[in-house]
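Enquirer: I have a structure here, written as structure tokens, and I will follow up with some questions on it.
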Amino acid sequence: MSGETPLEPAPRVRLCGLSKRFGAVQAVDRVDLELHAGEIHGLLGENGAGKSTLMCLLAGLYRPDAGHIELDRTVVSFRSPRDAMAASVGMVHQHFMLVPTLTVWENVLLGTRDRWLLRPARAIARVEQAAERLSLRVDARALVGDLGVGQQQRVEILRVLMQASPHDETQPIRVMILDEPTAVLSPDESVALFATLRALCQRGCAIVIISHKLDEVRQAARRISVMRRGRLVERFPRPAEVTTHQLAAAMVGEEISLELDRPASAPGEVLLRIRGLTVASSHTGRPAVRDLDLELRSGEILGLAGVAGNGQVELMEAIAGLRPMDGGTVELCGQDAATLSIRQRIALGLRYIPEDRMYTGTAPSLSVLENLVFRRYPDHGPWLRLQRYAPWCQQQIERLQIATSGPAQAARLLSGGNLQKVVLARELDRARVILALHPTRGLDVRATTQVRQLLLRARSEGATLESGVEHARGRARNRGATLERGVEHARGRARSGGAILLWSEDLEEVLALSDRVAVIKGGRIVYTAAHDEVELPTVGRWMTGGGAANAT
Amino acid sequence: MRLELRPRLHRSTRLTLAVSLASVTVALGLGGVLLWIAGVEPLAALRAIFSASLFGGAFALSDTTVKATPLLLCGLACLLAFRARLWNVGAEGQLLLGAWAATGVASFWLPPSLPAPLMLTLMGLAAIVAGGAWAGISGALRSYLGVSEIISSLMLVYIAQKLLNYFVFGPWSERGFPLTPPFPRSAWLPRLSDWADGCPALSGLTVHLGMVLALVVCLLMWLLVQRSVWGFELRILGDSPRAARYVGVPVERRMLVTMILSGALAGLAGMVEVAGVVHRLQDRFSPGYGFVGIAVAWLARLNPLGVVLGAFLFAALLVGAREVQPGGISIMLQGVVMLGVVAGDFVLRYRIQRREREAARG
Chain D
1 MSGETPLEPA
11 PRVRLCGLSK
21 RFGAVQAVDR
31 VDLELHAGEI
41 HGLLGENGAG
51 KSTLMCLLAG
61 LYRPDAGHIE
71 LDRTVVSFRS
81 PRDAMAASVG
91 MVHQHFMLVP
101 TLTVWENVLL
111 GTRDRWLLRP
121 ARAIARVEQA
131 AERLSLRVDA
141 RALVGDLGVG
151 QQQRVEILRV
161 LMQASPHDET
171 QPIRVMILDE
181 PTAVLSPDES
191 VALFATLRAL
201 CQRGCAIVII
211 SHKLDEVRQA
221 ARRISVMRRG
231 RLVERFPRPA
241 EVTTHQLAAA
251 MVGEEISLEL
261 DRPASAPGEV
271 LLRIRGLTVA
281 SSHTGRPAVR
291 DLDLELRSGE
301 ILGLAGVAGN
311 GQVELMEAIA
321 GLRPMDGGTV
331 ELCGQDAATL
341 SIRQRIALGL
351 RYIPEDRMYT
361 GTAPSLSVLE
371 NLVFRRYPDH
381 GPWLRLQRYA
391 PWCQQQIERL
401 QIATSGPAQA
411 ARLLSGGNLQ
421 KVVLARELDR
431 ARVILALHPT
441 RGLDVRATTQ
451 VRQLLLRARS
461 EGATLESGVE
471 HARGRARNRG
481 ATLERGVEHA
491 RGRARSGGAI
501 LLWSEDLEEV
511 LALSDRVAVI
521 KGGRIVYTAA
531 HDEVELPTVG
541 RWMTGGGAAN
551 AT
Chain B
1001 MRLELRPRLH
1011 RSTRLTLAVS
1021 LASVTVALGL
1031 GGVLLWIAGV
1041 EPLAALRAIF
1051 SASLFGGAFA
1061 LSDTTVKATP
1071 LLLCGLACLL
1081 AFRARLWNVG
1091 AEGQLLLGAW
1101 AATGVASFWL
1111 PPSLPAPLML
1121 TLMGLAAIVA
1131 GGAWAGISGA
1141 LRSYLGVSEI
1151 ISSLMLVYIA
1161 QKLLNYFVFG
1171 PWSERGFPLT
1181 PPFPRSAWLP
1191 RLSDWADGCP
1201 ALSGLTVHLG
1211 MVLALVVCLL
1221 MWLLVQRSVW
1231 GFELRILGDS
1241 PRAARYVGVP
1251 VERRMLVTMI
1261 LSGALAGLAG
1271 MVEVAGVVHR
1281 LQDRFSPGYG
1291 FVGIAVAWLA
1301 RLNPLGVVLG
1311 AFLFAALLVG
1321 AREVQPGGIS
1331 IMLQGVVMLG
1341 VVAGDFVLRY
1351 RIQRREREAA
1361 RG
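Pasting the structure below:
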């Protein structure tokens, strides 16, 4: 989408020598950057490279330790996001700043105080008109808590746009920053988002996108800047002329391999057998999963391809025991899941990487160590022995390179990518059946490759032998079984490999990892194909519903 | 000089303790200013309060300990629920129900000739059951119907008061006075002064066995919330119920059980107060122990061992109140201490520091 018109000579925004330090970490280090009206600017970097911090400086969330910001050739100093908003600089954060118990229109107009009296009918009409004009499809009267992430993001964008120009929505926002906007979107939603963004650009807005999806940035951005360890290290004025590999290399500072090592794996016994499963959606009460059949064997990854909202989450939650089943059977490691508590499923080796990592995947105020031991702490009877796990936790932190000030740091103070690594480290440990939702969402290239590799390894190896033996020792102690038998059991486990049910909105990820791909639509599996036979266009057709025409 | 806030990544126990002590000190200082405005000599008033309670010899200390006993138990009751972010603000009602049940056992339902250990045990059990059941109502409403436990537990306080009044003024009244007949001796908790015959120094010391019981309970609670898997799950539940379910905690049942246990502790406080101090049931025997318990738990920052300190501080303010005029001073100080504690939370959460101007050279 590189434009034909030359950039205006005077930039909309100039960041001059911006620096910001958090404790011992120099998050942003003397960064100079220019943003022009009418451009989409891609900002790339690994987790913790300082992209979000830099943009938070521009949006008034943090104040720089050094350097200054010029907006349309005037030096500005924002004391708060409200100041920035008043200067028509808005930011859409990775974690949305919405109040779930309020409706869409209330959220959108929250904090805009142009009149004392609130007139709901008029307010709703205003929000609906703005949404219409910007082609952001949202129901202004819905409760934000009831919406999916994609819809919530549209609300957030609408909120930023309307608050940045509260009196006249036709006056476009001057600067708009989006922190990983497409991480939570389906491919269709991403396309719609970029259409909206391009429309904004044409009306003279300067847009910054922070993203880990290199291809997407390469296509959408007019210029790309790459940050590494707080510094702006490289600029690409013509993204169309660089490769994804070059971008990745610039981010990590070295040539890295994005290739996956895909060890051969023979499918073994059936670990998960689903017959006629029906699960109701919590919003509508209508079935989100209908009469679904599925089999998952040890040593294989079954990837679900599907547009968000076609029953993927409900399916996973029902298997995990977090949501009641309304019909059908689920058999986990040979046992009827209806008779199993969540805890028993976990003991059988069921692991779950949830979509919502902040409040489901972790208890945010608890420490990194406490969050890492979620699957291990009940092993040793009624008393809690957290220190016992300290070496293991340290090992996980090093293995996944979790950027933390230490195991005692509160999980909520981790960056999004690092929080995801905590969840992954925990869920891949001693796993037999893994339900993975967006396992690499929000992770940088290097971490993404690493996590994909870990998933592939979990598939071919299952629970690693050593952790299996250790687990067997714990069981032997608890139940009086002989150690030999337990170890034998662990060896058996290690031989058989793990089973992974994967859903990711990144279709390429699904295709790259899966031994079999199943397209889920309307709560049913409508198409399956093996890794070698799968073709992207066919899968895409089935996902969007055109597949039926090609069938038979 | 420009200041800025940075979230603290780590919180040490030592820091927590220091901040708690500092916030109480600052609060008492602020209270002094208010006293001075009211025309009272602040230092004299504070000295009067604390010399009448903590530092005024054996009798003063004994009185304070007696008051600290139900406060300690109520503080623990609140702490347990608060750890799971269940806002049981009705410990007062559970305490009243506990006292009511203990009185029933001691004076009406069982023969007075029961041996004291059996009698006291049964009274304690009755109080635990009654307090637990009372809180269990709020717990069940919260767990299974989503009714806010703040509202229901508070409203149940008023119902408990009326229930108590009915019995004290009606069926259990002694000759029309709003109190029951005194308990049989077998239903009195042993006091230090009981041994005054053998050791005259003990005469007049009203400290009773309840304090020992409360300290034992305190230790058990420490083990439960700080050292057990159950307590760990309670923290997960308090932090994020969804994460608790994900970990495998049966969330609804756990919330109900927690409320019941919390109410049981408050009920026990009621039994200890009637069996150790009043020796009968009368209206208004509690000066709001259950409500002060909320403040105690908060001052202790939900650490069971800290509750001991909090209970003694608030007991001192209660006892000291008798010594200073006007009588509202002590209540005012309680309020200021509470505010100090809440303000201290902020310091625990954030580090306040000067902005680094030369950070770019790092």
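Line order of the protein sequences matches chains D and B. Taking this note's numbering, the leading residue of the first sequence gets 1, the next gets one more, and so forth. Taking this note's numbering, the leading residue of the second sequence gets 1001, the next gets one more, and so forth. In this text, a Cβ means the ideal position worked out from N, Cα and C, and glycines have one as well. Since we're looking at a predicted model, the values are computed, not measured.
Flag this pair as touching only if the region 1172-1191 of chain B and the region 1280-1288 of chain B have three or more C-beta atom pairs under 8 angstroms; answer yes or no.
Expert: yes
Enquirer: Spell out whether any CB of chain D is found under 7 angstroms from the CB atom of ARG1242(B).
Expert: Yes, ARG1242(B) lies at the interface with chain D (some Cβ there is under 7 angstroms from its Cβ).
Enquirer: Considering only their Cβ atoms, is the gap separating ALA206(D) from SER37(D) smaller than 7 angstroms?
Expert: What sits at residue 37(D) in the sequence shown is Ala, not Ser. In this structure, ALA206(D) lies closer than 7 angstroms to ALA37(D) by Cβ.
Enquirer: Consult DSSP for ALA363(D) and reduce its assignment to one of helix, strand or coil.
Expert: coil
Enquirer: CB-CB under 7 angstroms to VAL423(D), same chain, minus the five flanking residues each way: which ones, in chain order?
Expert: Sequence-distant Cβ neighbours of VAL423(D) in its own chain, meaning closer than 7 angstroms and more than five residues away, are ILE353, ARG357, GLY361 and THR362.
Enquirer: Taking TRP503(D) as part of the beta strand (DSSP E), name the residues at either end of that continuous run.
Expert: 499-503
Enquirer: Between the alpha carbons of GLN1353(B) and VAL89(D), how many angstroms are there, rounded?
Expert: 28 angstroms
Enquirer: Anything in chain D within Cβ reach of ARG962(B), meaning under 7 angstroms, just list it in chain order.
Expert: For residue 962(B) there is no data in the structure shown, the boundaries of chain B being 1001 and 1362.
Enquirer: Could you tell me the alpha carbon to alpha carbon distance between GLN153(D) and PHE96(D), rounded to whole angstroms?
Expert: 7 angstroms
Enquirer: Would you say SER211(D) and GLU180(D) are within 7 angstroms of each other, going by their C-beta atoms?
Expert: Against a cut-off of 7 angstroms, the Cβ pair of GLU180(D) and SER211(D) comes out as a contact.
Enquirer: Using a Cβ-Cβ distance cut-off of 7 angstroms, determine whether THR59(D) contacts chain B.
Expert: Thr is not the amino acid found at residue 59(D); the sequence shown has Ala there. Answer no: the Cβ-Cβ gap between ALA59(D) and chain B never drops below 7 angstroms.
Enquirer: Report the three-state DSSP secondary structure of LEU332(D) (helix, strand or coil).
Expert: strand
Enquirer: Determine which residues of the region 436-455 of chain D have a Cβ less than 7 angstroms from any Cβ of chain B, and write them out in chain order.
Expert: none
Enquirer: Alpha carbons only, please: which of SER1107(B), TRP1298(B), GLN1325(B) and PRO1326(B) is nearest the one belonging to PHE1314(B)?
Expert: Out of SER1107(B), TRP1298(B), GLN1325(B) and PRO1326(B), TRP1298(B) has the C-alpha closest to the C-alpha of PHE1314(B).
Enquirer: For SER1138(B), decide whether its Cβ has a neighbour in chain D, counting only Cβ atoms nearer than 7 angstroms.
Expert: no
Enquirer: What is the rounded straight-line gap between the Cα of ILE525(D) and the Cα of ALA308(D)?
Expert: 14 angstroms
Enquirer: One question on the structure: do SER415(D) and GLY48(D) come within less than 7 angstroms of each other, judged by their Cβ atoms?
Expert: Contact: yes.
Enquirer: Would you mind sorting LYS1162(B) into buried or exposed? The rule is 16 or more other CB atoms within 10 Å of its CB.
Expert: By the neighbour-count criterion, in which a residue is buried when 16 or more other Cβ atoms sit within 10 angstroms of its Cβ, LYS1162(B) is exposed.
Enquirer: By Cβ distance below 8 angstroms, which residues in the same chain neighbour CYS56(D) in space, the five residues on each side in sequence not counted?
Expert: TYR62 and MET91
Enquirer: So what's GLU466(D) in DSSP terms, helix, strand or just coil?
Expert: Note that GLU466(D) scores 44 on pLDDT, short of 50, meaning its location in the model is unreliable; the coordinates nonetheless yield the value given after this. In the three-state reduction of the DSSP assignment, GLU466(D) falls in the helix class.
Enquirer: Which stretch, first to last residue, makes up the beta strand (DSSP E) that contains GLN394(D)?
Expert: Under the DSSP assignment, GLN394(D) falls outside any beta strand (DSSP E), being part of the alpha helix (DSSP H) whose first and last residues are 390-399.
Enquirer: Residues bridged to GLN26(D) by DSSP?
Expert: ARG21(D)
Enquirer: Using the three-state DSSP reduction, which class does LEU350(D) fall into: helix, strand or coil?
Expert: strand
Enquirer: Kindly indicate the opening and closing residues of the beta strand (DSSP E) around HIS41(D).
Expert: 40-45
Enquirer: Could you check whether the region 217-234 of chain D touches the region 25-41 of chain D, counting it as contact only if at least three pairs of C-beta atoms, one from each stretch, sit closer than 8 angstroms?
Expert: yes
Enquirer: Going by the CB atoms, is the gap between LEU296(D) and ALA499(D) shorter than 7 angstroms?
Expert: yes
Enquirer: Short check: CB of ALA529(D) to CB of VAL517(D), under 7 angstroms?
Expert: yes
Enquirer: Where do the N-terminal and C-terminal ends of the alpha helix (DSSP H) with ARG1235(B) fall, by residue?
Expert: Its alpha helix (DSSP H) spans residues 1229-1239.
Enquirer: Closer than 7 angstroms by beta-carbon distance: list the chain B residues that pair up with LEU294(D), in chain order.
Expert: Ordered by position in chain B, no residue passes the 7 angstroms Cβ test against LEU294(D), which lies about 22 angstroms from the chain.
Enquirer: For a quick check, are the C-beta atoms of ARG432(D) and GLY1248(B) less than 7 angstroms apart?
Expert: no
Enquirer: So which residues of chain B does ALA363(D) contact, with C-beta pairs closer than 8 angstroms?
Expert: Residues of chain B passing the Cβ test: ARG1235, ILE1236, ASP1239, SER1240, ALA1243 and ALA1244.
Enquirer: Between SER1286(B) and TYR1158(B), what straight-line distance do the alpha-carbon atoms span, to the nearest angstrom?
Expert: 13 angstroms
Enquirer: For ILE174(D) and LEU1071(B), I'd like the C-alpha separation in whole angstroms.
Expert: Note on residue identity: the sequence assigns Arg, not Ile, to residue 174(D). So the two alpha carbons sit approximately 59 angstroms from each other.
Enquirer: Does any C-beta atom of chain D lie closer than 7 angstroms to the C-beta of PHE1346(B)?
Expert: no
Enquirer: Helix, strand or coil for TYR527(D) per DSSP?
Expert: strand
Enquirer: In whole angstroms, what separates the C-alpha of ALA411(D) from that of ARG1349(B)?
Expert: 14 angstroms
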